[in-house]
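Chemist: Under the working numbering, the first residue of the sequence shown is numbered 252, with each subsequent residue one higher. Cβ coordinates follow ideal geometry from the N, Cα and C atoms, glycine included. All values reported here derive from a predicted model rather than from experimental measurement.
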Amino acid sequence: MRSSQRFIEEGLRRGREDVPGLQEAYRQILLQQRRRPTALPAILTLGHLACRTKVPFETLRLYATRAAEHPYRRFHIRKRSGGRRWISVPADGLRSVQSWLTEHVLRHVLVHPASRAFRRGDSIRQCAEEHVRARWLIKLDIADFFGSVSEIQVFRAFARMGYNRLVSMEMARLCTDTPQVSDKYRMKAWKVRPYKWSRIPGYQQRVIGRLPQGAPSSPMLANIAVIEVDEEVAEIAAAHGLRYTRYSDDITLSTDGSFSRNAASKVVEEVAQVLKARGLYLNRKKTSITHPGARRVVLGLLVDGEQPRLTKSFRDRLRQHLYYLEKLGINAHVAARSFDSAGGLYRHLRGLIDYANSIEPGYATSLRRRLDALPWNAEDHRNFAQPQMTGSSSHEA
Numbered sequence: 252m253r254s255s256q257r258f259i260e261e262g263l264r265r266g267r268e269d270v271p272g273l274q275e276a277y278r279q280i281l282l283q284q285r286r287r288p289t290a291l292p293a294i295l296t297l298g299h300l301a302c303r304t305k306v307p308f309e310t311l312r313l314y315a316t317r318a319a320e321h322p323y324r325r326f327h328i329r330k331r332s333g334g335r336r337w338i339s340v341p342a343d344g345l346r347s348v349q350s351w352l353t354e355h356v357l358r359h360v361l362v363h364p365a366s367r368a369f370r371r372g373d374s375i376r377q378c379a380e381e382h383v384r385a386r387w388l389i390k391l392d393i394a395d396f397f398g399s400v401s402e403i404q405v406f407r408a409f410a411r412m413g414y415n416r417l418v419s420m421e422m423a424r425l426c427t428d429t430p431q432v433s434d435k436y437r438m439k440a441w442k443v444r445p446y447k448w449s450r451i452p453g454y455q456q457r458v459i460g461r462l463p464q465g466a467p468s469s470p471m472l473a474n475i476a477v478i479e480v481d482e483e484v485a486e487i488a489a490a491h492g493l494r495y496t497r498y499s500d501d502i503t504l505s506t507d508g509s510f511s512r513n514a515a516s517k518v519v520e521e522v523a524q525v526l527k528a529r530g531l532y533l534n535r536k537k538t539s540i541t542h543p544g545a546r547r548v549v550l551g552l553l554v555d556g557e558q559p560r561l562t563k564s565f566r567d568r569l570r571q572h573l574y575y576l577e578k579l580g581i582n583a584h585v586a587a588r589s590f591d592s593a594g595g596l597y598r599h600l601r602g603l604i605d606y607a608n609s610i611e612p613g614y615a616t617s618l619r620r621r622l623d624a625l626p627w628n629a630e631d632h633r634n635f636a637q638p639q640m641t642g643s644s645s646h647e648a
């Protein structure tokens, strides 16, 4: 069967639309596009995507062939649990097309109901509410979640949306980055095998890309790419009478009925096998099984009552900040806690209080009054000139 994409490429190369078979090629791709969900925009070629996103075709081609210099700015941050987390911030043109795909394509793709992060309306509180009054909790963490979702899985996700195979591959390239050298990426699963795109100059690569943490498209693509994982874990949960949620890389299973540690350990291994089959692995250090007599915490919130609540340690951190600010003064506390500026400290505390407001509004209101009663300069809280308390999506406050 002749490739519609090759006719179009030839027409574009010659700068004309009368290449024999070109109009038929367009017709075939348009027919393919009918398989897309109606909410998703048509993207016929990489050039068509360039027109839609207002990013030059030549720029997109450089990114798709991995020929662009410095497509990402990479740096690491320290994790609260220890170790480093690598962040990859895309260059402006790349970020622009990733943001367009996120807003116009990915936001309209359904994910599994158990997935509770990165969509409008999702929150840590909403996810934790699924597990209130639980007697047994099983908490699992997917190691290097974004970095374990490969370019191939992203390609398959776009193809399932109804986009033609070449465009799906090109969009997968635009949304992934080549990994840093590590023991993980030396594994057989990350070795490139020859495939049909090798006929297109620059498209055959030696390294399989993966989702970069820091790209706007990565969170939603990760959720879409692992929908089969969610389906299989949900089946395991149902078979054992458990509730199941996944907030990004945090998996929680719970029951308010009778259970046992042996049964919970069996569930952990069953989930681990499902993940392994998709190239994902558990962070065993973060695996925990909580029995009825222990404190039950989901995503940093207590779930042993009727509603999710803030933990004592979270409250204590905020209380200590405000106590020392009131006792020692702003400048002394900034120096004692090694903040870069009073404005940085103010924004940090406002973020924590806004997060507290999304969980326990009454408690947060009194803290906000105390914070704003301090003698801050106007410049310190310039980003909050019109205060509005909103929830945070981070449970690492």
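So which of 357, 597, 388, 327 has the shortest CA-CA distance to residue 552?
Modeler: Checked all of 357, 597, 388, 327; the closest Cα to residue 552 is 388.
Chemist: Does the beta-carbon distance from residue 471 to residue 409 come in below 8 angstroms?
Modeler: No, these two residues do not count as a Cβ contact at 8 angstroms.
Chemist: Measuring only the C-alpha atoms, how far is residue 533 from residue 394?
Modeler: The straight-line gap from Cα to Cα measures roughly 5 angstroms.
Chemist: Is it a yes or a no for the stretch 358-374 touching the stretch 495-507, going by three-plus beta-carbon pairs under 8 angstroms?
Modeler: Yes: the two stretches touch, three or more of their Cβ pairs being nearer than 8 angstroms.
Chemist: Between the stretch 396-410 and the stretch 340-347, do at least 3 Cβ pairs fall closer than 8 angstroms?
Modeler: The stretch 396-410, when compared against the stretch 340-347, does not touch it at the 8 angstroms Cβ threshold.
Chemist: If distances are taken between C-alpha atoms only, which option among 612, 351, 464 comes closest to residue 335?
Modeler: Selected option, being the one with the closest Cα: 464.
Chemist: Quick check: the Cα distance between residue 298 and residue 564, rounded to an integer number of angstroms?
Modeler: The alpha-carbon atoms of residue 298 and residue 564 are separated by roughly 53 angstroms.
Chemist: So, with DSSP's three-state summary, where would you put residue 327?
Modeler: DSSP places residue 327 in strand when its eight states are reduced to three.
Chemist: Helix, strand or coil for residue 316? Go by DSSP, reduced to three states.
Modeler: Coil at residue 316, not helix or strand.
Chemist: Could you have a look at residue 631 and say whether DSSP puts it in helix, strand or coil?
Modeler: Looking at residue 631 - three-state DSSP - the assignment turns out to be helix.
Chemist: Between the C-alpha atoms of residue 506 and residue 492, what's the straight-line distance to the nearest angstrom?
Modeler: Taking the straight line from one Cα to the other gives about 7 angstroms.
Chemist: When the Cα of residue 390 is compared with those of 539, 545, 600, 584, which residue comes out closest?
Modeler: Checking every option, the nearest Cα to that of residue 390 belongs to 539.
Chemist: Short check: CB of residue 481 to CB of residue 460, under 8 angstroms?
Modeler: No, the Cβ-Cβ distance between residue 481 and residue 460 is not below 8 angstroms.
Chemist: Please determine, among 310, 326, 329, the residue with the shortest C-alpha to C-alpha distance to residue 320.
Modeler: Among 310, 326, 329, the Cα nearest to that of residue 320 is on 310.
Chemist: What is the DSSP secondary structure of residue 356, counted as helix, strand or coil?
Modeler: In this structure, residue 356 counts as coil in the three-state DSSP scheme.
Chemist: In chain order, what residues of the same chain have a beta carbon less than 6 angstroms from the beta carbon of residue 585, not counting five sequence neighbours either side?
Modeler: The residues are 593, 596.
Chemist: What's the gap between the Cα of residue 329 and the Cα of residue 619?
Modeler: About 28 angstroms.
Chemist: Could you say which of 528, 292, 591, 544 lies nearest to residue 356 if we only look at CA atoms?
Modeler: Closest by alpha carbon: 292.
Chemist: Could you give the first and the last residue of the continuous beta strand (DSSP E) run that contains residue 497?
Modeler: Start and end: 494-498.
Chemist: With residue 340 as the anchor, note down where its beta strand (DSSP E) starts and where it stops.
Modeler: Unbroken beta strand (DSSP E) run through residue 340: 335-341.
Chemist: Between the C-alpha atoms of residue 561 and residue 622, what's the straight-line distance to the nearest angstrom?
Modeler: Each residue's Cα considered, the two are about 19 angstroms apart.
Chemist: Return the CA-CA distance between residue 302 and residue 308, expressed in angstroms with no decimal places.
Modeler: Cα to Cα, the separation comes out at about 8 angstroms.
Chemist: From residue 315 to residue 518, what distance separates their C-alpha atoms?
Modeler: The straight-line gap from Cα to Cα measures roughly 40 angstroms.
Chemist: So what's residue 273 in DSSP terms, helix, strand or just coil?
Modeler: In this prediction, residue 273 scores a pLDDT of 49, lower than 50, which makes its location untrustworthy; no coordinate-derived value is stated.
Chemist: If you count every other CB in all the chains shown that lies within 10 Å of the CB of residue 359, and 16 or more means buried, which is it?
Modeler: That one is exposed.
Chemist: Applying the 10 Å Cβ sphere with the 16-neighbour rule, what's the burial state of residue 326?
Modeler: Residue 326 comes out exposed.
Chemist: Please classify residue 347: does DSSP put it in a helix, a strand, or coil?
Modeler: The answer is helix: DSSP assigns residue 347 an H, G or I state.
Chemist: Output the distance between the C-alpha atoms of residue 582 and residue 604, rounded to the nearest integer angstrom.
Modeler: Roughly 20 angstroms separates the two Cα atoms.
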